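Chemist: The following block contains the structure, expressed as structure tokens.
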Amino acid sequence: MFFSDTAKLFLESIGRSQEVEHYLRRFRSEGGAFFALIVPDAVSCRLEFELLLFQLKSLSRLGLRPALLLTGTAVQFSQAFQHELAQSGSDVPVISEETSLINALHDLVAQGVRRIHFLRRRGMIANEGSALAVCAPDEPVDAEDRMLTALAFQMLERQRDLHLSVCTPANLLKEIFTVKGAGTLFRRPTVIVHYRKLTSDQKERLHMLIEQSFGRALADVNLFDRVSDFYIEEQFTGAVLLEATQYGLYLSKFAVGVDARGSGVAQDLWQRVLAETGALFWRSRRTNSIHRWYEKIADGFQRRSVWNIYWKGVDLSLLPDLIRFAEEKAPDFVD
Numbered sequence: 001m002f003f004s005d006t007a008k009l010f011l012e013s014i015g016r017s018q019e020v021e022h023y024l025r026r027f028r029s030e031g032g033a034f035f036a037l038i039v040p041d042a043v044s045c046r047l048e049f050e051l052l053l054f055q056l057k058s059l060s061r062l063g064l065r066p067a068l069l070l071t072g073t074a075v076q077f078s079q080a081f082q083h084e085l086a087q088s089g090s091d092v093p094v095i096s097e098e099t100s101l102i103n104a105l106h107d108l109v110a111q112g113v114r115r116i117h118f119l120r121r122r123g124m125i126a127n128e129g130s131a132l133a134v135c136a137p138d139e140p141v142d143a144e145d146r147m148l149t150a151l152a153f154q155m156l157e158r159q160r161d162l163h164l165s166v167c168t169p170a171n172l173l174k175e176i177f178t179v180k181g182a183g184t185l186f187r188r189p190t191v192i193v194h195y196r197k198l199t200s201d202q203k204e205r206l207h208m209l210i211e212q213s214f215g216r217a218l219a220d221v222n223l224f225d226r227v228s229d230f231y232i233e234e235q236f237t238g239a240v241l242l243e244a245t246q247y248g249l250y251l252s253k254f255a256v257g258v259d260a261r262g263s264g265v266a267q268d269l270w271q272r273v274l275a276e277t278g279a280l281f282w283r284s285r286r287t288n289s290i291h292r293w294y295e296k297i298a299d300g301f302q303r304r305s306v307w308n309i310y311w312k313g314v315d316l317s318l319l320p321d322l323i324r325f326a327e328e329k330a331p332d333f334v335d
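Residue 173 in the UniProt record's numbering sits at position 173 of the sequence shown; the count goes up by one each step and never skips.
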């Protein structure tokens, strides 16, 4: 894949070119007049004008078409942005709305906009000074953040599939192109459905989710037949599969789709499953990058030659048996 010099410098600064390429493919394949709406406040426009230009030009050079929405006192910078972007040949529409931000946003969402990034020098939403990576509707936030938070959830109430975030101008590219992001994502609570059995269509969707999440083909065609409990996000963006064993519930699969990573789905799934089960054990390949998170949420773990075995809330007298069970279990994926 060809990148301009600017894009190459950006990839080096991010350090995860695989993530960037994933998001580039995704955004380029989506329809619509532009892939994202960038909404800076007036202070950012005044004090970070050159930086904002650099970010917008970089997106254009990557083959993407963002739009810039200027409202209120930020409208005074409209001509300057238009001139500089035109001079560089960047295809970035500049939309000006002097009156209502919320009306402008609703109009653009009605036209198909689904990704909106607010920019401000304050950056992320905070609760008592602590930055929030994800902000839910009932999250307590600092006074300075309440107006933007109310606006975001008013929009999500009308259009559930919106991607809304806020970050500093300096972090815009990192927010757009990395799983972890660099701002606060506004989102409604995850709806998780608990199934005992699945229809053939549901099995097909789950099969696709698991293979996409792990990046490997399932080898075990009977995997779903052994599962006693399926916890699945309503849009099949994430799932936890449990198997009932003589040693307790074995967490067979924890899958989150690539596009849902960093959105809080994994944490919501984990909290729901743990609240309803209380005790689990599972394994993960030692090469799996998720092992650091597993080490934080587990009561304990043991490193074996191929697998790390984890447990949470289990009867400690069963540890030797459940470790042996997990270690000797046949692989579920094609190597």
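Note that the Cβ used here is the ideal one computed from N, Cα and C, for glycine as well.
None of the values given here were measured: they were computed from a predicted structure.
Could you name the residues of the same chain whose beta carbon sits closer than 6 Å to that of Leu172, not counting the 5 residues immediately before and after it, in chain order?
Modeler: To locate residue 172, count along the sequence shown from 1; it is residue 172. For Leu172, where only same-chain residues beyond five positions count, the Cβ hits under 6 Å are Gln55.
Chemist: If you drop the 5 nearest sequence neighbours on each side, which residues of the same chain put their C-beta closer than 8 Å to that of Leu47?
Modeler: The residue given as residue 47 occupies position 47 in the sequence shown. Here the set comprises Arg121.
Chemist: How long is the line joining the alpha carbons of Ser29 and Val75, rounded to whole angstroms?
Modeler: By 1-based counting over the sequence shown, the position of residue 29 is 29. By 1-based counting over the sequence shown, the position of residue 75 is 75. Each residue's alpha carbon lies about 31 Å from the other.
Chemist: Considering Gly296, what are the terminal residues of the alpha helix (DSSP H) in which it resides?
Modeler: Against the sequence shown, residue 296 aligns to sequence position 296. Residue 296 is actually Lys in this sequence, not Gly. His291 to Ile297 is the extent of the alpha helix (DSSP H) around Lys296.
Chemist: For the beta strand (DSSP E) that His67 lies in, which residues bound it at each end?
Modeler: As a position in the sequence shown, residue 67 is number 67, starting the count at 1. Correcting the residue identity first, residue 67 is Ala in this sequence and not His. Element bounds for Ala67: Pro66 to Thr71.
Chemist: If I measure Cβ to Cβ from Asp142 and keep anything under 6 Å in the same chain, skipping five residues before and after, which residues do I get?
Modeler: Within the sequence shown, numbered from 1, the residue matching residue 142 stands at position 142. Within the same chain, Asp142 has close Cβ partners Ala126.
Chemist: Can you pull the DSSP bridge partners for Asp229?
Modeler: Along the sequence shown, read from residue 1 onward, the residue named residue 229 stands at position 229. According to DSSP, which records beta bridges pairwise, Asp229 is partnered with Leu242.
Chemist: For the alpha helix (DSSP H) holding Leu81, just list the boundary residues, first then last.
Modeler: For the purposes of this step, residue 81 is identified with residue 81 of the sequence shown, where counting begins at 1. Rather than Leu, the amino acid found at residue 81 in this sequence is Phe. Counting along the chain, the alpha helix (DSSP H) containing Phe81 begins and ends at Ser78 to Gln87.
Chemist: Enumerate in chain order the residues of its own chain whose CB-to-CB distance from Phe118 is below 6 Å, with the five nearest sequence positions on each side excluded.
Modeler: Here residue 118 is taken as the residue at index 118 of the sequence shown, counted from 1. If we look at Phe118 and ignore the five residues flanking it on each side, its Cβ neighbours are Val39 and Val166.
Chemist: Could you say which of Arg205, Val109, Tyr195 and Gly300 lies nearest to Asp161 if we only look at CA atoms?
Modeler: Residue mapping note: residue 161 aligns to position 161 of the sequence shown, counting from 1. The residue with the shortest Cα to Cα distance from Asp161 is Val109.
Chemist: Does Ile323 pass the burial test, meaning 16 or more other C-beta atoms within 10 Å, or should it be called exposed?
Modeler: As a first step, residue 323 is located in the sequence shown; it is residue number 323 there, counting from the start. So Ile323 counts as buried.
Chemist: Check Arg115 in the structure and name its three-state DSSP category.
Modeler: Locating residue 115 in the sequence shown gives position 115, where the first residue counts as 1. Strand.
Chemist: Could you tell me the distance, in whole angstroms, from the CA atom of Leu319 to the CA atom of Ile297?
Modeler: Start at 1 with the first residue of the sequence shown, and residue 319 comes out as number 319. Start at 1 with the first residue of the sequence shown, and residue 297 comes out as number 297. Answer to the nearest angstrom: the Cα atoms are 17 Å apart.
Chemist: Decide yes or no for the touch test of the stretch 129 to 149 against the stretch 178 to 189: beta carbon pairs closer than 8 Å, at least 3 of them.
Modeler: At 8 Å Cβ cutoff, the stretches touch.
Chemist: Quick one: does Asp321 have its CB under 7 Å from some CB of chain D?
Modeler: As a matter of chain content, chain D is missing from the structure shown, which is built from one protein chain.
Chemist: Under the rule that 16 or more other beta-carbon atoms within 10 Å means buried, what is Ser289, buried or exposed?
Modeler: Looking up residue 289 in the sequence shown gives position 289. Answer is exposed; the Cβ neighbour count stays below 16.
Chemist: Decide yes or no for the touch test of the stretch 194 to 203 against the stretch 82 to 91: beta carbon pairs closer than 8 Å, at least 3 of them.
Modeler: At 8 Å Cβ cutoff, the stretches do not touch.
Chemist: So, for Glu19: in the same chain, excluding its five sequence neighbours on each side, which residues have a beta-carbon less than 8 Å away from its beta-carbon?
Modeler: In the sequence shown, the residue the question calls residue 19 occupies position 19. The answer, listed in chain order, is Phe177, Thr178 and Val179.
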